[in-house]
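Heads up, the thing below is written out as structure tokens.
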Amino acid sequence: MIRAFAPGRVNLIGEHTDYTGGLVLPMAIQLGTTVVGDVLDGRITLRSDRFDAPLDLELPVGDPSTVEPSWGRYVAGVAAETGATIGLDGAVTSDVPMGSGLSSSAALEVATALALGAAGGPLEVAELCQRAEHRATGVPCGIMDQLAAAAGVEGHAMLIDCHALTIDPVHMPDDLAVAVVHSGQHRELRSSAYAARRAECERAEATIGPLRLAAPDAWTAIEDRVVAARARHVIGENQRVRDVATALRAGDAEAAGQSLLDGHRSLRDDFEVSTPVLDALVDQLAATRGVWGARLTGAGFGGCVVALCEPGTDIAGAWWVRPSAGATLT
Ligand code: GLA
Numbered sequence: 241m242i243r244a245f246a247p248g249r250v251n252l253i254g255e256h257t258d259y260t261g262g263l264v265l266p267m268a269i270q271l272g273t274t275v276v277g278d279v280l281d282g283r284i285t286l287r288s289d290r291f292d293a294p295l296d297l298e299l300p301v302g303d304p305s306t307v308e309p310s311w312g313r314y315v316a317g318v319a320a321e322t323g324a325t326i327g328l329d330g331a332v333t334s335d336v337p338m339g340s341g342l343s344s345s346a347a348l349e350v351a352t353a354l355a356l357g358a359a360g361g362p363l364e365v366a367e368l369c370q371r372a373e374h375r376a377t378g379v380p381c382g383i384m385d386q387l388a389a390a391a392g393v394e395g396h397a398m399l400i401d402c403h404a405l406t407i408d409p410v411h412m413p414d415d416l417a418v419a420v421v422h423s424g425q426h427r428e429l430r431s432s433a434y435a436a437r438r439a440e441c442e443r444a445e446a447t448i449g450p451l452r453l454a455a456p457d458a459w460t461a462i463e464d465r466v467v468a469a470r471a472r473h474v475i476g477e478n479q480r481v482r483d484v485a486t487a488l489r490a491g492d493a494e495a496a497g498q499s500l501l502d503g504h505r506s507l508r509d510d511f512e513v514s515t516p517v518l519d520a521l522v523d524q525l526a527a528t529r530g531v532w533g534a535r536l537t538g539a540g541f542g543g544c545v546v547a548l549c550e551p552g553t554d555i556a557g558a559w560w561v562r563p564s565a566g567a568t569l570t
């Protein structure tokens with residue numbers, strides 16, 4: 241029996257920076273997705289604890305984006321990328337909330353890749369799963385989610401340089417609790433909006449060069465107001481990632497929290513991926529005793545807010561997430 245597990249992730253700071261080779265600071269969480277099964281020649285047949293319709297997929301896979309039921313597209317994307325001809329008969333179980341920005345799809349991809357025997361270490365698996373997501377959904381996502389799921393470090397957030405593809409673990413202070421609160425807005429990672437932001441970042445780079453190397457005020461040289469604002473977000477966000485990593489290492493929860501609040505404002509005003517509901521939730525959390533800071537987490541357009549808190553803080557409906565290890569195959 242094959243058993244592969246991959247965690248979801250929450251991103252503490254560094255949003256919409258990965259696809260320009262910038263910095264991100266996610267942590268893998270204790271919630272995850274498990275694929276169990278026995279080897280099956282020529283097919284993948286999987287039941288899900290979440291969806292009625294099972295997946296029955298013939299190998300090798302053609303176009304993953306047209307596979308039904310649609311949850312199976314992530315599995316199909318991975319199978320297409322590995323070129324698998326030997327599949328699996330089994331089941332998928334998950335406790336990662338869906339559509340929340342906690343990367344349930346990356347967890348499914350990485351668990352599937354391990355179950356199908358994908359070659360290489362965590363980085364190679366993450367890159368394969370990133371390509372699988374592109375093929376499955378058409379969303380030109382960066383590497384953050386898949387790399388956090390594949391390479392998570394127990395007790396640590398991960399300072400990832402998405403250009404060098406290096407991971408620098410950042411120990412999470414013991415007196416800091418991480419809450420995730422759902423906005424109630426189901427997040428469909430709207431591929432058009434995501435791709436539009438990516439394209440705007442590329443336009444910015446065509447004028448001022450790589451955003452990851454840009455000086456703090458380099459965005460002022462961009463004429464287009466919208467493109468300049470996108471660049472200002474990314475440049476500032478890379479600095480906030482460094483600042484939060486430094487603050488966490490120094491045990492300075494107040495400074496880390498302030499950077500999260502600044503990051504949210506930047507996503508709201510400059511990158512324009514927030515919603516009024518997310519803004520109200522961040523304001524409410526910021527005014528809550530014991531909360532150091534909060535921001536939307538993930539791509540935006542709905543989903544969850546992440547908050548850094550004193551342990552024992554009372555937040556209705558929060559999931560308390562712990563920095564956890566990455567994917568495993570047993
Ligand atoms: C999604 C993508 C990631 C990243 C975030 C925004 O989660 O999958 O690659 O771009 O959005 O930070």
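Numbering (my numbering), first residue to last: 241 to 570. Using N, Cα and C, we set each Cβ at its ideal position, and we do this for glycine too.
- Within 10 angstroms of the beta-carbon of G272 lie 16 or more other beta-carbons, which makes it buried.
- Per the coordinates, the alpha-carbon of V467 lies some 50 Å from the alpha-carbon of L280.
- Cβ contact annotation for A435 (same chain, cutoff 6 Å, sequence separation greater than five): P380, in chain order.
- Counting along the chain, A534 sits inside the beta strand (DSSP E) bounded by residues 531-537.
- Counting only unbroken stretches of 4 or more residues, the alpha helix (DSSP H) elements lying wholly within the region 262-338 are 312-322, in sequence order.
- Buried is the label assigned to L348, since at least 16 other Cβ atoms lie within 10 Å of its Cβ.
- Excluding its 5 nearest sequence neighbours in each direction, G261 has C-beta neighbours in its own chain below 7 Å: C402, H403, P450, R452, listed in chain order.
- Taking the Cα positions, S310 is about 15 Å away from A319.
- Rounded to whole angstroms, the Cβ separation of A471 and W459 is 4 Å, and the two are in contact under 8 Å.
- In this structure, the beta-carbon distance from G392 to G543 does not fall below 8 Å.
- DSSP lists no beta-bridge partner residue for F541.
- Bridge partners of V418 according to DSSP: L548, V561.
- Where A372 is concerned, the enclosing alpha helix (DSSP H) starts and stops at 362-377.
- At the C-beta level, I253 and R562 stay beyond 8 Å of one another.
- Shortest Cα-Cα distance from A493 to any of G530, H473, P516, Q479 involves G530.
- Less than 8 Å separates the beta-carbon of L536 from that of L507.
- Across the structure, W532 and S499 are spaced so that their CA atoms are roughly 10 Å apart.
- The C-beta distance from A372 to G317 rounds to 3 Å, short enough to fall under 8 Å.
- Taking a contact as a CB-CB distance under 8 Å, the pair A547 and L525 counts as one, their CB atoms being some 5 Å apart.
- Just so you know, the alpha carbons of L297 and L328 end up roughly 10 Å apart.
- Distance from the Cα of A490 is smallest, within the candidate group P413, C441, V315, for P413.
- Excluding sequence positions up to five before and after Y314, its CB lies within less than 6 Å of the CB of S345, L348, E349, A376, all in the same chain and listed in chain order.
- At least one heavy atom of the ligand GLA lies less than 7 Å from the C-beta of C381.
- Residue burial annotation: S431 is exposed, with fewer than 16 other C-beta atoms found within 10 angstroms of its C-beta.
- Counting of Cβ neighbours within 10 angstroms places H504 among the buried residues, the total reaching 16 or more.
- The Cβ-Cβ distance between L286 and V336 does not fall below 8 Å.
- Burial check for D483: the Cβ neighbour count within 10 Å reaches 16 or more, so the residue is buried.
- Cβ-Cβ distances below 8 Å link V365 to V350, A353, L354, A358, Q386, A390, A567 in the same chain, with the five nearest sequence neighbours on each side left out; the list follows chain order.
- Taking all protein chains in view, the Cβ of P247 is crowded by 16 or more other Cβ atoms within 10 Å, so the residue is classified as buried.
- Not one heavy atom of the ligand GLA is found less than 7 Å from the C-beta of M338.
- In the structure shown, the three-state DSSP call for A496 is helix.
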